[in-house]
Amino acid sequence: MTQPSSTNTSPANRGTVLVTGGAGFIGCAISPALVASFDRVVALDNLHPQIHSGQTRPAELDPGVELIVADITDAKTWDDVLPAVAPDVVIHLAAETGTGQSLEESTRHAMVNVVGTTQLLDGLNRSGKLPRRIVLTSSRAVYGEGAWKSDVDGHVFYPGQRSNEILSRSQWDFPDAHPVAMSAAAVAPAPVSVYGSTKLAQENILESWSKSYGVEAAVLRLQNVYGPGQSLINPYTGIMSLFCRMAKAGKSIPLYEDGEVRRDFVLIDDVAAAVVAAAVAEKAHDGALDIGSGEFQTIRTAAEIISRYYGAPEPHVTGQFRQGDVRHAWADVEPAKAQLPWEPRYDLEAGISRLAEWIDGRLPAEAAL
Ligand SMILES: NC(=O)c1ccc[n+]([C@@H]2O[C@H](COP(=O)([O-])OP(=O)(O)OC[C@H]3O[C@@H](n4cnc5c(N)ncnc54)[C@H](O)[C@@H]3O)[C@@H](O)[C@H]2O)c1
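Here's what the structure looks like:
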């Protein structure tokens, strides 16, 4: 695997990189490698209170990064920032990321994810200097339930959204079929959450704008990212940190549906390596690439590993469900391995230990939940 470092940086990668949402989980994780790879690194972030409790510069953000506190949805932000920064590469991370929350706060999600993106692009036009490349972190949420294969005749179909009525009957899986890995080359997007819809809109807007101006668009569809640096105060994202906090407090972790929901949990280090690889590659990759561990685990397995780590009681199935959650998701990472170059390096057990140790260093047991 090619780890991002100054040694794999060609002269073409020097210059200025602007990272929207650069003070967040992924922004902080990529910051040391960006500082090593670019002459100037600027993070633009509004230090959203749902993620940043103190609304201060995060300790995890590399000291070599200049932080501008501003809102991406405000046209004035871009008119103030872009002429002075004139980025060669933009990494667009800033987003509202609550899948469940997006159903009740759809305007907020559309405003930041969709309008925030168009404001950035309009601002670049007004600034008179376009970047060479824009890297966008999209999401596996664009696939919704994804594609499934019939056990009867092998045909691939799109089952669509699981309705409230189906879920209320505890019918979790689509009968007589099994899911297919999420792959941009083979599976068409079909989001089932407002969040997923806004991420797909971001992709489409960026693709059409970039093609018109000859700017490279490098889209990465991330699976479930977890690990040290994850927000411990955001109640709407980050199931792994929530599970850790429950187990640390001595509680049994509740499992939604039947506990057999599959996810591709990918450690932040592996995601950071992919984002930096996409930013510094000589030439941008083609099409969207799927970034994950390449393997699925059930929610039950993840919860059991965490419970064992903390000596907490066994997880228990609640049968609850949440609209907008999909049944199974994991990535086909072969195209990303071939194109970036990059490969995932951490398995779930190693990743959970890293996350739990990091949480233990921050939270006393009595404050875990
Ligand atoms: N973490 C994951 O599991 C995951 C999975 C798939 C995709 N993604 C995508 O990766 C990107 C980064 O995710 P993350 O996990 O680092 O999230 P995060 O919430 O930790 O970081 C997002 C950052 O954006 C900032 N932000 C929010 N609204 C803003 C606004 N209006 N103006 C300026 N800044 C704003 C926040 O303050 C935060 O620092 C997002 O685009 C997200 O959709 C993340």
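For the sequence shown, the working numbering gives the first residue as 2, with consecutive numbering after it. By construction, the Cβ of each residue, glycine as well, lies at the ideal position given by its N, Cα and C atoms. This structure is a prediction, so every number in the text was calculated from the model and none was measured.
Determine whether the beta carbon atoms of proline 180 and histidine 329 lie at a separation below 9 Å. As a working note, residue 180 is residue 179 in the sequence shown. As a working note, residue 329 is residue 328 in the sequence shown. Yes, the Cβ-Cβ distance between proline 180 and histidine 329 is below 9 Å.
Fully enclosed by the segment 107-139, which alpha helix (DSSP H) runs are 4 residues long or longer? For the segment 107-139, whole alpha helix (DSSP H) runs of length 4 or above, ordered along the chain, are 107-111, 117-128.
Should the segment 112-122 be regarded as contacting the segment 63-75, the criterion being three or more beta carbon pairs within less than 8 Å? Result yes; three or more Cβ-Cβ pairs closer than 8 Å.
Would valine 334 pass as a contact of glycine 295 if the rule is Cβ separation under 9 Å? Reading the sequence shown from its first residue, position 333 is the one you call residue 334. Reading the sequence shown from its first residue, position 294 is the one you call residue 295. For valine 334 and glycine 295, yes; Cβs fall inside 9 Å.
So what's glutamate 344 in DSSP terms, helix, strand or just coil? Locating residue 344 in the sequence shown gives position 343, counting from the first residue. Looking at glutamate 344 - three-state DSSP - the assignment turns out to be coil, as it is neither helix nor strand.
Taking glycine 129 as the reference, which of Gly352, Tyr214, Ala304 has the closest Cα? The sequence position of residue 129 within the sequence shown is 128, counting from 1. Measuring from the Cα of glycine 129, the nearest candidate turns out to be Tyr214.
In this structure, does DSSP put lysine 150 in helix, strand or coil? Stepping through the sequence shown from its first residue, residue 150 is reached at position 149. Lysine 150 falls in the strand class under three-state DSSP.
Cα-Cα separation between glycine 16 and isoleucine 206, rounded to whole angstroms: As a position in the sequence shown, residue 16 is number 15, starting the count at 1. As a position in the sequence shown, residue 206 is number 205, starting the count at 1. The alpha-carbon atoms of glycine 16 and isoleucine 206 are separated by roughly 25 Å.
Which listed residue (Ile292, Ile307, Ala274, Gly65) has its alpha carbon closest to that of arginine 41: Taking the sequence shown and counting its residues from 1, one reaches residue 41 at position 40. Residue Gly65 is the option with its Cα nearest to arginine 41.
Cα-Cα, which of Ala186, Asp81, Pro255 is closest to leucine 121? Here residue 121 refers to the residue found at position 120 of the sequence shown. That would be Asp81, whose Cα lies nearest to the Cα of leucine 121.
Apart from the five residues on each side of it in sequence, which residues of its chain come closer than 8 Å, Cβ to Cβ, to glutamate 217? The residue you call residue 217 lines up with position 216 of the sequence shown. In the same chain as glutamate 217, and ignoring 5 residues on each side of it, the C-beta atoms closer than 8 Å to its own belong to Arg133, Arg134, Ile135, Ser211, Lys284, Ala285, in chain order.
Using a Cβ-based criterion (distance less than 8 Å to any ligand heavy atom), does phenylalanine 322 qualify as near ligand 1? Residue mapping note: residue 322 aligns to position 321 of the sequence shown, counting from 1. Result no, Cβ not under 8 Å from ligand 1.
Valine 86, DSSP secondary structure in three states: As a working mapping, residue 86 is identified with position 85 in the sequence shown. Helix, per DSSP.
Of the choices Gly101, Ala96, Ala87, whose alpha-carbon is the least far from that of glycine 124? Along the sequence shown, one-based indexing puts residue 124 at 123. Closest by alpha carbon: Ala87.
Closer than 8 Å to a non-hydrogen atom of ligand 1 - does that hold for the CB of leucine 94? Sequence index remark: in the sequence shown, residue 94 carries index 93 (1-based). Yes, since a heavy atom of ligand 1 falls inside the 8 Å radius drawn around the Cβ of leucine 94.
Alanine 357 versus alanine 273 - alpha carbon distance: Sequence index remark: in the sequence shown, residue 357 carries index 356 (1-based). Sequence index remark: in the sequence shown, residue 273 carries index 272 (1-based). Looking at the two C-alpha atoms, the distance is approximately 19 Å.
For ligand 1, any of its heavy atoms closer than 8 Å to the Cβ of phenylalanine 297? Your numbering for residue 297 matches position 296 in the sequence shown. Within 8 Å of the C-beta of phenylalanine 297 there is not a single heavy atom belonging to ligand 1.
Looking at C-alpha atoms only, which residue of Ser169, Gly362, Tyr347, Gly239 is the closest neighbour of glutamine 324? If you number the sequence shown from 1, residue 324 lands on position 323. Scanning Ser169, Gly362, Tyr347, Gly239 for the CA closest to the CA of glutamine 324 turns up Ser169.
Sub-9 Å separation of arginine 263 and isoleucine 306 beta-carbons: Translated into the one-based positions of the sequence shown, residue 263 becomes position 262. Translated into the one-based positions of the sequence shown, residue 306 becomes position 305. Result no, Cβ atoms of arginine 263 and isoleucine 306 do not sit closer than 9 Å.
Could you give the C-beta distance for isoleucine 292 and arginine 222, rounded to a whole number, given that I count them as a contact under 8 Å? Counting from 1 along the sequence shown, the entry for residue 292 is found at position 291. Counting from 1 along the sequence shown, the entry for residue 222 is found at position 221. Your pair isoleucine 292 and arginine 222 checks out as a contact, with CB atoms roughly 7 Å apart and the cut at 8 Å.
Could you tell me the alpha carbon to alpha carbon distance between glycine 320 and proline 236, rounded to whole angstroms? Locating residue 320 in the sequence shown gives position 319, counting from the first residue. Locating residue 236 in the sequence shown gives position 235, counting from the first residue. Here the alpha carbons of proline 236 and glycine 320 stand approximately 20 Å from one another.
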